[in-house]
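>
Protein chains: 4
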Amino acid sequence: MTTTVKDMLDTFPADLGGVDREKLVRCIEACLACAQACTACADACLSEEMVGELTTCIRTDADCADVCAATAAVLSRRTGDDTRVTRAVLEACATVCGVCAGECERHADRHDHCRVCAEACRRCERACNDLIASLA
Amino acid sequence: MTTTVKDMLDTFPADLGGVDREKLVRCIEACLACAQACTACADACLSEEMVGELTTCIRTDADCADVCAATAAVLSRRTGDDTRVTRAVLEACATVCGVCAGECERHADRHDHCRVCAEACRRCERACNDLIASLA
Amino acid sequence: MTTTVKDMLDTFPADLGGVDREKLVRCIEACLACAQACTACADACLSEEMVGELTTCIRTDADCADVCAATAAVLSRRTGDDTRVTRAVLEACATVCGVCAGECERHADRHDHCRVCAEACRRCERACNDLIASLA
Amino acid sequence: MTTTVKDMLDTFPADLGGVDREKLVRCIEACLACAQACTACADACLSEEMVGELTTCIRTDADCADVCAATAAVLSRRTGDDTRVTRAVLEACATVCGVCAGECERHADRHDHCRVCAEACRRCERACNDLIASLA
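One line per chain: the protein sequences are A, B, C and D, in this order.
For reference, each letter of the first sequence is one residue, going 2 to 137 in the numbering used here.
For reference, each letter of the second sequence is one residue, going 2 to 137 in the numbering used here.
For reference, each letter of the third sequence is one residue, going 2 to 137 in the numbering used here.
For reference, each letter of the fourth sequence is one residue, going 2 to 137 in the numbering used here.
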């Protein structure tokens, strides 16, 4: 997939402030990928015969998709950036990704979509925590 | 406006767990209203002649709209509810609403849309904090 | 529920163009209510014992929630309004609401959440079609 | 950027129906990239000195971001797929991407973010139209 996350950031007409540019790009990309993986995993769970055993996974996937999508959008905005907002959103996103990864990992050996989704959630959790650690 | 937040919650086929039903309804409604007000306020700022002085407000409104919309969705899901997720999302939402309210209040005496939006943000911030306080 | 859709529109600092103000308010409110009802209905379906018979309903609810939320946001923006965008988004929303209403109506006699959700979808479908009919 | 759009689709446990798998992957990826580019472009416009000349661009970017995000989510769901929904959402997305591309192209020679964003919009418009053409 070709996104333009880095290209868009490179064309930003003002200073980025103290944020680590590389970690920011990686985190936005991880949020976009995780949001999509979670939406697709929730739907794949719906098509499993054992859907009745996957209802918590479907719900958590849906939450994670919503939070990752909002986080990607917030991080993509740099005008008048406020560290309180950035930090609060990243912390929520890392928490939700961690919970969703844990839930998907429970089903990863039986369902490949849960395995791939759990990996996307763990990548996003790490990317959020890395970006938090780099904030002033 | 007639929403069906309460009606939908009343038809939920399983136990709600320990959550305070009334505070939950109020918080979902406040998130929906705040998300819409912030989207409309950002756009109204764009139509002001002094848009150049409102760029931080526009950005913060957009962030607040995204986070409130995600929070409304997460709160509307009750299957396999996880307090870690609920709490993390509510804390982020309260923070972002507080920051956005503060920014809109700076312009409230000159722009009515900022005044109405700031009130919606403060209501949502309070509703999130009330719901957090009620969590086990 | 108290939203500020009308209040926000009344504070818009420029001309609204030819759009019917009352139909616009009603449509934004119907989209917000429908998005929330669909998210809650999908989740309520997950908590039904017969979840395996409701998978199409859950998927359609999720689609309808996403499209209604996007439509509410697009309609809430009035700066530089473009009738091509407004019309395209309203037509998609009316279609998705109609499909989702039809699916929920199939389960309405057994599941109250589907009945309430179907009504929210029909209201939103009508509100979209009313607004389309009023566009120049 | 590494997304898992293709990996998730490959793990879907049921038949995909008649949809063209490759065009579907490309369209979901184009929607994700376009949504992010539009959010970033709107924000970059806010940081331009001449923001007053870019207000229609900011508004259209925001609309396009919302519609592309909803489209990516709808396309990522395959359970009980309904061609009426898929087609309606793709048509709206193609329209909004076309309008947003046209607006960004007007500013492309002065603002690199508008140039990159216009390209993402055109790619997404084409991907939507290609997928529509492949629907039964």
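All residues carry an ideal CB built from backbone N, CA and C; glycine is no exception.
Values in this document were obtained by computation on a predicted structure and should not be read as measured data.
What is the rounded straight-line gap between the Cα of A/C115 and the Cα of A/T40?
Position 114 of the first sequence holds residue 115 of chain A. Position 39 of the first sequence holds residue 40 of chain A. Between A/C115 and A/T40, the C-alpha separation is close to 11 Å.
> Can you pull the chain B residues whose beta carbon is under 8 Å from the beta carbon of A/D64, in chain order?
Counting from 1 along the first sequence, the entry for residue 64 of chain A is found at position 63. Chain B residues near A/D64: A74, V75, R78, V86 and V90.
> Report yes or no: is there a C-beta of chain D within less than 7 Å of the C-beta of B/T56?
The residue labelled residue 56 of chain B in the question sits at position 55 within the second sequence. Answer yes: the Cβ-Cβ gap between B/T56 and chain D drops below 7 Å somewhere.
> Taking only beta-carbon atoms, is D/L47 less than 7 Å away from chain B?
Here the question's residue 47 of chain D lines up with position 46 in the fourth sequence. Closer than 7 Å to some Cβ of chain B, the Cβ of D/L47 qualifies, so yes.
> Take every Cβ of the region 2-17 of chain C, pair it with every Cβ of the region 28-44 of chain B, and state whether three or more of those distances are shorter than 8 Å.
yes
> What first and last residue would you give for the alpha helix (DSSP H) that runs through C/S135?
For this step, residue 135 of chain C is matched to residue 134 along the third sequence. Looking at the DSSP string, the run of the alpha helix (DSSP H) that includes C/S135 is D113 to S135.
> Note down the Cα distance separating D/G103 from C/M51, rounded to an integer number of angstroms.
For the purposes of this step, residue 103 of chain D is taken as the residue at position 102 of the fourth sequence. For the purposes of this step, residue 51 of chain C is taken as the residue at position 50 of the third sequence. Between the alpha carbons of D/G103 and C/M51 lies a distance of about 48 Å.
> What is the DSSP secondary structure of D/V20, counted as helix, strand or coil?
By one-based count along the fourth sequence, residue 20 of chain D stands at place 19. Three-state DSSP puts D/V20 in coil, outside helix and strand.
> Going along chain A, which residues have a C-beta under 8 Å from C/R60?
Mapped onto the third sequence, residue 60 of chain C falls at position 59. In chain order: D44 and L47.
> Between the region 114-132 of chain A and the region 17-34 of chain A, do three or more beta carbon pairs fall short of 8 Å?
yes
> On the DSSP letters alone, give me the boundaries of the alpha helix (DSSP H) that A/G99 sits inside.
By 1-based counting over the first sequence, the position of residue 99 of chain A is 98. Run containing A/G99: T84 to R107, per the alpha helix (DSSP H) assignment.
> Would the beta-carbon of A/C105 fall within 7 Å of that of A/C94?
Taking the first sequence and counting its residues from 1, one reaches residue 105 of chain A at position 104. Taking the first sequence and counting its residues from 1, one reaches residue 94 of chain A at position 93. No, they are not a contact pair.
> Three Cβ pairs or more, each shorter than 8 Å: is that satisfied between the region 61-69 of chain B and the region 84-99 of chain B?
yes
> Under DSSP, the alpha helix (DSSP H) around A/D11 begins and ends at which residues?
Position 10 of the first sequence, counted from the first residue, corresponds to residue 11 of chain A. Run containing A/D11: V6 to D11, per the alpha helix (DSSP H) assignment.
> Identify the contact partners of A/C52 in chain C, using a Cβ-Cβ distance below 8 Å as the criterion.
Working through the first sequence from its first residue, we reach residue 52 of chain A at position 51. Per the sequence presented here, residue 52 of chain A reads as Val, with Cys not at that position. The contacting residues are V52, G53 and T56.
> Hey, out of A/E49, A/A134 and A/C129, whose CA is closest to A/V75's CA?
Locating residue 75 of chain A in the first sequence gives position 74, counting from the first residue. If we check each option's Cα against that of A/V75, A/C129 comes out closest.
> Would A/L136 pass as a contact of A/R88 if the rule is Cβ separation under 7 Å?
Reading the first sequence from its first residue, position 135 is the one you call residue 136 of chain A. Reading the first sequence from its first residue, position 87 is the one you call residue 88 of chain A. In contact: A/L136 and A/R88 (Cβ atoms closer than 7 Å).
> Might you give, ordered along the chain, the residues of its own chain that have their beta carbon closer than 7 Å to the beta carbon of C/T61, omitting 5 neighbours on each side?
Residue numbering aside, residue 61 of chain C sits at position 60 when the third sequence is read from its first letter. Closer than 7 Å at the Cβ level, and outside the excluded window around C/T61, lie V100, C101 and E104.
> Less than 7 Å between CB atoms is the rule here; does A/D67 satisfy it with respect to chain B?
By one-based count along the first sequence, residue 67 of chain A stands at place 66. Yes - at least one Cβ of chain B is within 7 Å of the one on A/D67.
> Under 7 Å between the Cβ atoms of A/L132 and C/I59?
In the first sequence, the residue the question calls residue 132 of chain A occupies position 131. In the third sequence, the residue the question calls residue 59 of chain C occupies position 58. The answer is no: Cβ separation not under 7 Å.
> With a threshold of 16 other CB atoms inside 10 Å of the CB of A/G19, please say whether the residue is buried or exposed.
By one-based count along the first sequence, residue 19 of chain A stands at place 18. Result: exposed.
> Under three-state DSSP, which class holds C/A34?
Taking the first residue of the third sequence as 1, we reach residue 34 of chain C at position 33. Three-state DSSP puts C/A34 in a helix.
> So which of B/C42, B/E92, B/T84 and B/G53 has the shortest CA-CA distance to A/R85?
As a working mapping, residue 85 of chain A is identified with position 84 in the first sequence. When only C-alpha atoms are compared, the closest one is B/E92.
> Where does B/E49 land, buried or exposed, given buried means 16+ other C-beta within 10 angstroms?
As a working note, residue 49 of chain B is residue 48 in the second sequence. Buried, since its Cβ has 16 or more Cβ neighbours within 10 Å.
> My assumption, with CB atoms under 8 Å, is that C/A45 sits in contact with B/T72. Please give the rounded CB distance.
Locating residue 45 of chain C in the third sequence gives position 44, counting from the first residue. Locating residue 72 of chain B in the second sequence gives position 71, counting from the first residue. Rounded, the Cβ-Cβ distance is 19 Å, inconsistent with contact.
> Which of the three DSSP states is assigned to B/S48 in this structure?
Indexing the second sequence from 1 puts residue 48 of chain B at position 47. Coil, per DSSP.
> So, helix, strand or coil for C/L25, using DSSP?
For the purposes of this step, residue 25 of chain C is taken as residue 24 along the third sequence, with counting starting at 1. Residue state for C/L25 is assigned as helix, using DSSP reduced to three classes.
> For B/R78 and A/R111, what's the separation of their Cα atoms in angstroms?
As a first step, residue 78 of chain B must be located in the second sequence, where it is residue number 77. As a first step, residue 111 of chain A must be located in the first sequence, where it is residue number 110. Going from the Cα of B/R78 to the Cα of A/R111 covers about 25 Å.
> Does DSSP put C/G81 in a helix, in a strand, or in coil?
Position 80 of the third sequence holds residue 81 of chain C. Looking at C/G81 - three-state DSSP - the assignment turns out to be coil, as it is neither helix nor strand.
> When we look at the beta-carbon of D/A43 and count the other beta-carbons within 10 Å, is it buried (16 or more) or exposed?
Stepping through the fourth sequence from its first residue, residue 43 of chain D is reached at position 42. Looking at its Cβ environment, which holds 16 or more other Cβ atoms inside 10 Å, D/A43 is buried.
> Give every residue of the same chain whose Cβ lies closer than 6 Å to the Cβ of C/V90, excluding the five residues on either side of it in the sequence, and list them in chain order.
What you label residue 90 of chain C is simply residue 89 of the third sequence in a count that begins at 1. Closer than 6 Å at Cβ, skipping near neighbours: T72 and V75.
> Exposed or buried, what is A/E120 when buried is set at 16 or more other beta-carbons lying within 10 Å of its beta-carbon?
Numbered from its first residue, the first sequence carries residue 120 of chain A at position 119. Looking at its Cβ environment, which holds 16 or more other Cβ atoms inside 10 Å, A/E120 is buried.
> Excluding the 5 residues preceding and the 5 following D/T4 in the sequence, name in chain order all residues of the same chain whose CB lies nearer than 6 Å to its CB.
For the purposes of this step, residue 4 of chain D is taken as residue 3 along the fourth sequence, with counting starting at 1. Within the same chain, D/T4 has no close Cβ partners at all.
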